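S.K.: Under the UniProt record's numbering, the letters of the sequence shown match residues 1 to 253, in that order.
From the three backbone atoms N, C-alpha and C, an ideal C-beta is built for every residue, glycine too.
Please read all numbers here as calculations on a predicted model, not as lab measurements.
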Amino acid sequence: RPILGLLRSGSPSMFQRMITAIHTWAGSSILSRLQFLLEYSGWSAVHDRYWLAPGNELILSIILSTQPLQLCADSTTLIEIGDLKSQQSANRCLSTMQTNSLLANSEFASELVHFDPTPFVTALSRITLVDDELAEMTFLNAFPLAWAALDPVERSQLCSIASRLLPRDDLLKQTRCRPNTVVTLLSAFERSEQAVELRPELLSYLGRTYGVWHSASRLLERQIFSGTRHFTVASTLVVSTLLHALELLDIDC
């Protein structure tokens, strides 16, 4: 496990060999790579570093040139455009400008599925290794997509793993750093369309320790209104604590 300390190496060749080894250990599926990212305790060897930067590659590199880009099958924001000209004749509400815009989007989507994303993704993943802020921004956009690709059983399994990761003592070394691993993970969880369920007590601890009350309260709020968890009296007290902390935080601001 301490071998991940080689990520500190100033040698580009040694660093690249370490990244290649991580890819091998993490497997080739989205589930196995997220498991490695959230469960592998070897990250403690670089506890004072923003280790989601190399972790970014585990998600980005799943995009292969042999697999064309596809629209998400269950997307509720995209519609099949079809024959726009016939639609326009049937529906006079579509203006010429709207039709031209939809046609342009349709042509772009058609070209996109033939685009080889590998060179772009490879370059992006390399840049994130040297720029923590870019790594954070990339992770916040990439994680929700990877999370959405999992089935409910896999997501439940990873929620249990995340619940064991987030209270780890070695992460406290990053408390005053920005970006840091815990803050980014909670923000990524918050952005995910499918709920990432964490224990209310854990969310309270994270909000208090890392100053992420807003993310913690939103995650807890989603769990309450989704009805997927059974909340006890103790859980209700946690909710009250979170809301009180938010009120004090807003007053201070």
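The alpha helix (DSSP H) spanning Cys159 covers which residue range?
M.R.: Run containing Cys159: 152-165, per the alpha helix (DSSP H) assignment.
S.K.: In this structure, does DSSP put Tyr50 in helix, strand or coil?
M.R.: coil
S.K.: Hey, out of Cys177, Arg33, Arg17, whose CA is closest to Leu158's CA?
M.R.: Arg33
S.K.: Verify whether the separation of the beta carbon atoms of Ser163 and Leu134 is less than 8 Å.
M.R.: no
S.K.: Alpha carbon to alpha carbon, how far is Gly42 from Ile19? Give it in angstroms, no decimals.
M.R.: 14 Å
S.K.: Only counting runs of 4 or more residues, tell me where the alpha helix (DSSP H) segments fall wholly within the region 189-214, in order along the chain.
M.R.: 200-210
S.K.: Can you give me the Cβ contacts of Ile59 inside the same chain, cut-off strictly under 6 Å, excluding the 5 residues immediately before and after it?
M.R.: Ala142, Ala146
S.K.: How about Val183 and Leu166: do their beta carbons lie closer than 8 Å?
M.R.: no
S.K.: Please list, in chain order, all residues of the same chain as Glu39 whose beta carbon is under 8 Å from its beta carbon, the five residues on each side excluded.
M.R.: Ile161, Arg164, Leu165
S.K.: Between the Cα of Glu193 and the Cα atoms of His47, Ser29, Leu219, which residue gives the shortest distance?
M.R.: Leu219
S.K.: Does DSSP put Ile30 in a helix, in a strand, or in coil?
M.R.: The three-state secondary structure of Ile30, taken from DSSP, is helix.
S.K.: Apart from the five residues on each side of it in sequence, which residues of its chain come closer than 6 Å, Cβ to Cβ, to His23?
M.R.: none
S.K.: Could you compute how far the alpha carbon of Ile224 sits from the alpha carbon of Glu197?
M.R.: 10 Å
S.K.: Can you grab the Cα-Cα spacing for the pair Gly207 / His214, in whole Å?
M.R.: 8 Å
S.K.: Under 6 Å Cβ to Cβ from Phe36, same chain only, skipping five residues before and after it: list those, please.
M.R.: Same-chain partners within the cutoff: Ala26.
S.K.: Tell me where the alpha helix (DSSP H) around Thr175 begins and ends.
M.R.: DSSP places Thr175 outside any alpha helix (DSSP H), giving it a letter other than H or E.
S.K.: Considering only the alpha carbon of each residue, which of Asp116, Val130, Ala45 lies closest to Gln16?
M.R.: Considering only alpha carbons, the answer is Val130.
S.K.: With DSSP collapsed to three states, give me the class of Val130.
M.R.: coil
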